[in-house]
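First residue of the sequence shown? That's -7 in our numbering, and the numbers climb one at a time after it. Each residue gets a CB set at the ideal place from its N, CA and C atoms; glycine is no exception. Reviewing the structure listed below.
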Amino acid sequence: MARGSIPSSLGCLTELTSLNLRRNQINGSIPQEIGYMKDLVYLNLDNSFISGKIPSQLINLKRLKRDFDGKLAFEDILSAIEDFDIKYCTGSGGYGSVYRALLPTRKALEW
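See below:
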């Protein structure tokens, strides 16, 4: 079982295709460097203690796909906020922008 925060150095693994950190005692935020993992297809952070905003750099992960069980995926988020359309932006600051949209499941999403 992994403990602690997700190291930003993972962003150097640009050819990694799958990252499964599910059911670990990981805390802190998702480092923006994850957005450098250009070949990442699968990312699972379920049942961890992640906090903070999802970094906008994840938009760089063009190959990231839907989870096998149909859970919310990055492509669903992009679709809901229409590829970061300004009309969904609710604020900006030193760590990026926050977007809010309604998902097809009728749940509100803040990104």
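What is the rounded straight-line gap between the Cα of residue i and the Cα of residue j?
| i | j | result |
| --- | --- | --- |
| S(-3) | S43 | 10 Å |
| R15 | E74 | 31 Å |
| D77 | S0 | 28 Å |
| T9 | Q17 | 22 Å |
| F41 | I22 | 11 Å |
Following the continuous beta strand (DSSP E) through residue i, name the residue where it begins and the one where it ends.
| i | result |
| --- | --- |
| R(-5) | R(-5) to S(-3) |
| I18 | Q17 to G20 |
| R14 | It is not in any beta strand (DSSP E) - R14 carries neither H nor E in the DSSP assignment. |
| C81 | C81 to G85 |
Taking residue i and residue j to be in contact with their CB atoms under 8 Å, please state how far apart those CB atoms are, rounded to whole angstroms.
| i | j | result |
| --- | --- | --- |
| P47 | G27 | 6 Å |
| N36 | L13 | 7 Å |
Ignore the nearest five residues each way along the sequence and tell me which others in residue i's own chain have a CB closer than 6 Å to its CB.
| i | result |
| --- | --- |
| V33 | T9, R55 and K57 |
| R(-5) | Q17 |
| L53 | L32 |
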